[in-house]
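K.L.:
In mature numbering (1 follows the signal peptide of the UniProt record, and there is no 0), the protein residues as written are -21 to -1, 1 to 660.
Rendered as structure tokens:
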């Protein structure tokens, strides 16, 4: 019973400043409801402390030795690659159903109600007092903190929606009775889960203020922006996954086997329209009040120019982001109280074991608005240096793609220290610039690259929500609403504003007309293995380029169902073997030989792909062939769009624990119900 309690619904929790031990220890303590009712959650300070504790579920880079979950969030997609690829996604048979959760701590597990239970307990205790006017403090502050918790519960539920689709909706703190707990484990159809998330966000929007916390706390605008994200995710997921078992009511949907769903029905067109309209309305409210940060057009700072040279570039690493209208929410740092980061150390002076792909870099338009392959684009097709790759391209590529003459330090005029030079693609794994292409987003030139703070004591801020997303969400939702073939006038004005800031010709129709989908090496061309319209693809392209290095790609690829066609897809980096290999950094003067060991070199351990076998572009997964499941490319499986559920959750909730099919929890499509088995399709 205790296992059911802790793993189905009720988990141990840490509420605010209370330090609660493990479950077994806690059972011997004073009952939680008694402790809390008498001494906690009675004042605005208590509510604030509870809410801020839960902020840890948001993306952050506090005291991390890397560029963090945002900069690394697109790893293993067609945007970015690590030295050590992710086999579970890209080698069929490697992702297997586990008997138990991989993570020990309940809060880190996938099928987890740890935080949901905490949020529900908060509402159980606070709302009656709130309605009775018994919470001490300023009402506006009390409203704010309750709104934050509604937002955070929505955020937590959205994580589960993305992983599992259908998921139990639990709003109560349940007692330790098996029948009740098993009933609460019933998976609700994903559209209902998404609606529940929007309901929580609407409650948050009604309570939150925009005038609090220097944009370091959750605001009304943050909730509106997140609402548009959730609604667009669900609208697009239901649109593109329609006809698959991943969508409730469609053929093969496993929820149909459950007796508790016997009365379920869905009008999918109506649901898609609902979520699309919700996305557009929420996005428009944010987009119409914020101003995009200006791009001066200066792509590199001059010597001694630590700030004031390009607001768009500087926005991503400002120590105080509160003055930027476009920044909806950000994380501030204070090394003096041991809250710092190491973004500069890894973004500028090392590669952080990641790299942008050739496919991503080549998706950026020319500044005249034409794809690089189009007639009249003026693309030289000479990419033997990174500087040449960026020439006359989309201003975002010129600004944020590191190249030989990108600035390393503004504190010197000496070429060897001033410029980044050729990327080190054979550095130790943790610091390697895997593909040769790296990003400069998050670089703050007020820091001296030769004298960076030790450890994680940098204080550049980190953006959590950025207003341009509202523009992009509205544009895509408008196109989705119009069958994927056109956009309304508001969307067109937003799109032009984004392109103007990017330094790209604002003639959108010219770009669409010049686009040849068969020439695009971009997974976003497809949904369900079929090419989308040119306008929809270019909307996806815009989103991809604007969110470079910001960790948005995975979610987009999943909701678009853009991975069906990924078969034997080879990840490539920059053109290395035309010119770059000659760089001095790759020559060992003492040994009078090259440090480069191409794949297949007899008697040596390879450290770079071979020009003879793999061509002139770096192929990070063709350095070693033996025992390398990614050598011949990425291969996607249908099952991977949703995560498998560990067998233990099915077993402990089953009427007959020897027969997991008697559980109210059903396995996700194309995943087996036996442990240690891989995808069925």
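Glycine included, each C-beta is placed from N, C-alpha and C at the ideal position.
From a predicted model like this one, the values you see are computed outputs, not experimental measurements.
#1: Under a Cβ-count criterion, where at least 16 other Cβ atoms within 10 Å of its own Cβ denotes burial, should residue 319 be classed as buried or exposed?
#2: Counting C-beta neighbours from all protein chains within 10 Å, is the total for residue 57 16 or more, i.e. buried, or is it exposed?
#3: Using a Cβ-Cβ cutoff of less than 7 Å, which residues in the same chain neighbour residue 662 once the five nearest sequence positions on both sides are dropped?
#4: Going by other Cβ atoms of all chains shown within 10 Å of its Cβ, with 16 needed for buried, is residue 193 buried or exposed?
#5: Just to confirm the assignment: which complete alpha helix (DSSP H) runs, minimum length 4, are found wholly within the region 505 to 592?
#6: By DSSP's criteria, residue 412 is part of a beta bridge. Which residues make up the other side?
#7: Output needed for residue 593: all residues of its chain with C-beta closer than 8 Å, excluding positions within five of it in sequence on either side, in chain order.
#8: Quick one: residues in its chain with C-beta nearer than 7 Å to the C-beta of residue 401, no 5 flanking neighbours on either side, listed in chain order?
#9: Going by Cα to Cα distance, which pick from 154, 444, 145, 79 is closest to residue 233?
#10: Can you look up residue 19 in the DSSP assignment and give me helix, strand or coil?
#11: Let me know the beta strand (DSSP E) ranges lying completely inside the region 269 to 355, each 3 residues or longer, listed in chain order.
#12: Could you give the first and the last residue of the continuous beta strand (DSSP E) run that contains residue 243?
#13: Identify the continuous beta strand (DSSP E) that holds residue 445 and give its terminal residues.
#14: Kindly indicate which three-state DSSP category residue 45 falls into: helix, strand or coil?
#15: Does the separation of the CB atoms of residue 463 and residue 412 fall below 8 Å?
#16: Buried or exposed, going by whether 16 or more other CB atoms sit within 10 Å of the CB of residue 36?
#17: In whole angstroms, what is the alpha-carbon distance linking residue 230 and residue 224?
#18: In angstroms with no decimal places, state the Cα-to-Cα distance between residue 186 and residue 129.
#19: Taking one C-beta from the region 159 to 169 and one from the region 272 to 290 each time, how about it: are there three or more such pairs within less than 8 Å?
#20: Applying the 10 Å Cβ sphere with the 16-neighbour rule, what's the burial state of residue 273?
#21: Using the Cβ count rule (16 or more neighbours within 10 Å means buried), how would you classify residue 580?
#22: Rounded to whole angstroms, what's the CA-CA distance from residue 512 to residue 455? Just pull it up for me.
#23: Between the region 420 to 440 and the region 213 to 228, do at least 3 Cβ pairs fall closer than 8 Å?
#24: Quick one, are the C-beta atoms of residue 609 and residue 73 less than 8 Å apart?
#25: Might you give, ordered along the chain, the residues of its own chain that have their beta carbon closer than 6 Å to the beta carbon of residue 52, omitting 5 neighbours on each side?
#26: With DSSP collapsed to three states, give me the class of residue 677.
#27: Taking C-beta to C-beta, are residue 417 and residue 550 nearer than 8 Å?
#28: How is residue 614 classed by DSSP in three states: helix, strand or coil?
#29: Within the continuous alpha helix (DSSP H) that includes residue 220, where are the two ends?
#30: Return yes when the Cβ of residue 597 is within less than 8 Å of the Cβ of residue 414, no when it is not.
#31: Closest to residue 620 by CA distance: which of 445, 118, 140 is it?
#32: Comparing C-alpha positions only, which one of 197, 102, 159 sits nearest to residue 445?
#33: Would you kindly work out how many angstroms separate the C-alpha atoms of residue 12 and residue 149, rounded to a whole number?
#34: Check each candidate in 557, 181, 355, 115 and name the one with the smallest Cα separation from residue 492.
#35: Taking DSSP as the reference, what is the three-state secondary structure of residue 393?
#36: Report yes if the CB atom of residue 282 is closer than 8 Å to the CB atom of residue 366, and no otherwise.
P.N.:
Checking against the coordinates, here is how it stands:
#1: For the purposes of this step, residue 319 is taken as the residue at position 340 of the chain shown. The residue is buried, with at least 16 neighbouring Cβ atoms inside 10 Å.
#2: By one-based count along the chain shown, residue 57 stands at place 78. Flag for residue 57 reads buried.
#3: Limits of the chain in this structure are -21 at one end and 660 at the other, which puts residue 662 out of reach.
#4: For the purposes of this step, residue 193 is identified with residue 214 of the chain shown, where counting begins at 1. Under this definition residue 193 is an exposed residue.
#5: 513 to 525, 532 to 539
#6: Counted from its first residue, the chain shown places residue 412 at position 433. Answer is 333, bridged to residue 412.
#7: Residue numbering aside, residue 593 sits at position 614 when the chain shown is read from its first letter. 578, 601.
#8: Counting from one through the chain shown, the residue named residue 401 turns up at place 422. Excluding sequence neighbours, residue 401 sits near 383, 559, 562, 564.
#9: On the chain shown, residue 233 is found 254 positions in, with the first residue counted as 1. When only C-alpha atoms are compared, the closest one is 145.
#10: Within the chain shown, the letter at position 40 stands for residue 19. In the structure shown, residue 19 sits in coil (DSSP, three-state: anything other than H, G, I, E or B).
#11: 306 to 310
#12: Within the chain shown, the letter at position 264 stands for residue 243. Residue 243 -> no beta strand (DSSP E), and no H or E assigned at all.
#13: What you label residue 445 is simply residue 466 of the chain shown in a count that begins at 1. Its beta strand (DSSP E) spans residues 441 to 445.
#14: In the chain shown, counting from the first residue as 1, residue 45 sits at position 66. The answer is coil: DSSP assigns residue 45 none of H, G, I, E or B.
#15: The residue labelled residue 463 in the question sits at position 484 within the chain shown. The residue labelled residue 412 in the question sits at position 433 within the chain shown. Taking 8 Å as the Cβ cut-off, residue 463 and residue 412 do not qualify as a contacting pair.
#16: Counting from 1 along the chain shown, the entry for residue 36 is found at position 57. With fewer than 16 Cβ atoms within 10 Å of its Cβ, residue 36 is classed as exposed.
#17: Position 251 of the chain shown holds residue 230. Position 245 of the chain shown holds residue 224. Those two C-alpha atoms are separated by around 6 Å.
#18: On the chain shown, position 207 is the one that residue 186 refers to. On the chain shown, position 150 is the one that residue 129 refers to. In a straight line, the C-alpha of residue 186 is about 9 Å away from that of residue 129.
#19: no
#20: The residue you call residue 273 lines up with position 294 of the chain shown. So residue 273 counts as exposed.
#21: Walking along the chain shown from the start, residue 580 turns up at place 601. So residue 580 counts as exposed.
#22: Along the chain shown, one-based indexing puts residue 512 at 533. Along the chain shown, one-based indexing puts residue 455 at 476. Their backbone Cα atoms lie some 12 Å apart in a straight line.
#23: no
#24: Position 630 of the chain shown, counted from the first residue, corresponds to residue 609. Position 94 of the chain shown, counted from the first residue, corresponds to residue 73. Cβ atoms of residue 609 and residue 73: not closer than 8 Å.
#25: As a position in the chain shown, residue 52 is number 73, starting the count at 1. So the qualifying residues of the chain are 530.
#26: Residue 677 is absent from the model: the chain starts at -21 and stops at 660.
#27: By 1-based counting over the chain shown, the position of residue 417 is 438. By 1-based counting over the chain shown, the position of residue 550 is 571. No, Cβ-Cβ distance for residue 417 and residue 550 is not below 8 Å.
#28: Residue mapping note: residue 614 aligns to position 635 of the chain shown, counting from 1. Strand.
#29: Walking along the chain shown from the start, residue 220 turns up at place 241. That residue, residue 220, is in no alpha helix (DSSP H); it is neither H nor E in DSSP.
#30: Counting from 1 along the chain shown, the entry for residue 414 is found at position 435. Counting from 1 along the chain shown, the entry for residue 597 is found at position 618. Result yes, Cβ atoms of residue 414 and residue 597 sit closer than 8 Å.
#31: Reading the chain shown from its first residue, position 641 is the one you call residue 620. Selected option, being the one with the closest Cα: 140.
#32: Numbered from its first residue, the chain shown carries residue 445 at position 466. When each option's Cα is compared against that of residue 445, the closest is 197.
#33: Reading the chain shown from its first residue, position 33 is the one you call residue 12. Reading the chain shown from its first residue, position 170 is the one you call residue 149. Bear in mind that a pLDDT of 42 at residue 12, under 50, signals an unreliable position, so the model cannot answer this.
#34: Numbered from 1 along the chain shown, position 513 holds the residue referred to as residue 492. Of the listed residues, the one whose Cα sits closest to residue 492 is 355.
#35: Residue numbering aside, residue 393 sits at position 414 when the chain shown is read from its first letter. Residue 393: coil per DSSP, three-state reduction.
#36: Stepping through the chain shown from its first residue, residue 282 is reached at position 303. Stepping through the chain shown from its first residue, residue 366 is reached at position 387. Cβ atoms of residue 282 and residue 366: not closer than 8 Å.
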